[in-house]
Amino acid sequence: MWLIYAVGSAFFAGVTSILAKCGIRKTDSTVATAIRTVVVLIFSWIIVLAAGSWNQISSIRPQTLLFLLLSGAATGASWLCYFKALQMGDINKVVPIDKSSTVLTILMALIFLHEGISWPKALAVAAIAAGIFLMIEKKDVQKGDTGYKKRWLFYAIGSAVFASLTSILGKMGISGV
9 MWLIYAVGSA
19 FFAGVTSILA
29 KCGIRKTDST
39 VATAIRTVVV
49 LIFSWIIVLA
59 AGSWNQISSI
69 RPQTLLFLLL
79 SGAATGASWL
89 CYFKALQMGD
99 INKVVPIDKS
109 STVLTILMAL
119 IFLHEGISWP
129 KALAVAAIAA
139 GIFLMIEKKD
149 VQKGDTGYKK
159 RWLFYAIGSA
169 VFASLTSILG
179 KMGISGV
């Protein structure tokens, strides 16, 4: 069942990138992030109410709540960086860097959660990292991207780092739920 949810997540993340790029063309990225966050908040609470799980809130332990709050903050930081990077850079450059959070998350899971890594998995992580590196058009990044235009890379990297933290902190938080 987790595989269906993971594929759904990947699909909606792809759709999100396209819709976000269209939505921020003439809008400040932080305002766009705030609007998107309100929609996510409302949608999430509708699901909680529809599932009838709202009464479980009181059973969340303080440590679990802390990790979930930190994960939420990391999500917010990731979204702010991601939207700013999308606003400033090409989607074909920003998205691969943002998706490098996969590699970062696996490495952080190894370090902080002590999740094992086999040789095949390590090779797959290296292949993903190499693929991300190859997807970024280096000549375009180096040529003509100065000042304001070059800052998209900083925000794209921030998006990846905070997305990784979201996953790690979220995993730590939901282990107690």
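In my numbering, the protein residues as written are 9 to 185.
Glycine residues also receive a C-beta, built at the ideal position from the N, C-alpha and C atoms.
In this text the structure is predicted, and so the values were computed from the model without any measurement.
Can you give me the Cβ contacts of residue i inside the same chain, cut-off strictly under 7 Å, excluding the 5 residues immediately before and after it?
{"i": "A82", "result": "F170, L173, T174, L177"}
{"i": "K92", "result": "S37, Y163"}
{"i": "S167", "result": "S86, C89, Y90, A93, D106"}
{"i": "L78", "result": "L177"}
Cβ of residue i within 8 Å of Cβ of residue j?
{"i": "A164", "j": "I68", "result": "no"}
{"i": "K34", "j": "I99", "result": "no"}
{"i": "I32", "j": "K101", "result": "no"}
{"i": "V103", "j": "S25", "result": "yes"}
{"i": "R118", "j": "I125", "result": "The sequence given here has Leu at residue 118, not Arg. Taking 8 Å as the Cβ cut-off, L118 and I125 qualify as a contacting pair."}
{"i": "W160", "j": "M96", "result": "yes"}
{"i": "K158", "j": "L121", "result": "no"}
Residue i: buried (16+ other C-beta within 10 angstroms of its C-beta) or exposed?
{"i": "K107", "result": "buried"}
{"i": "C89", "result": "buried"}
{"i": "S183", "result": "exposed"}
{"i": "Q71", "result": "exposed"}
{"i": "G181", "result": "buried"}
{"i": "L27", "result": "exposed"}
{"i": "L94", "result": "buried"}
{"i": "F75", "result": "buried"}
{"i": "G22", "result": "exposed"}
{"i": "A58", "result": "exposed"}
{"i": "A135", "result": "exposed"}
{"i": "A40", "result": "buried"}
Who are the Cβ neighbours of residue i in its own chain at under 8 Å, not counting the five residues just before and after it?
{"i": "R45", "result": "Residue identity differs from the one stated: residue 45 is Thr in this sequence, not Arg. If we look at T45 and ignore the five residues flanking it on each side, its Cβ neighbours are G84, W87."}
Output needed for residue i: all residues of its chain with C-beta closer than 6 Å, excluding positions within five of it in sequence on either side, in chain order.
{"i": "E123", "result": "A117"}
{"i": "V149", "result": "Residue placement at V149 cannot be trusted, given a pLDDT of 47 that sits under 50; the coordinates are not used to answer."}
{"i": "V133", "result": "V111, I114"}
{"i": "L49", "result": "none"}
I'd like to know whether the C-beta of residue i is nearer than 8 Å to at least one C-beta of chain B.
{"i": "G80", "result": "Any reference to chain B falls outside this structure, which holds one protein chain only."}
Pairing CB atoms from the segment 134–141 with CB atoms from the segment 56–66, are three or more of them under 8 Å?
-> no
Is it a yes or a no for the segment 47–62 touching the segment 107–121, going by three-plus beta-carbon pairs under 8 Å?
-> no
Identify every run of the beta strand (DSSP E) within the segment 108–173, keeping only runs that are complete inside it and at least 3 residues long; order them along the chain.
-> Counting whole runs of 3 or more residues, the segment 108–173 contains no beta strand (DSSP E) stretch at all.
Start-end ranges of the beta strand (DSSP E) lying completely within the segment 39–115, minimum 3 residues = none
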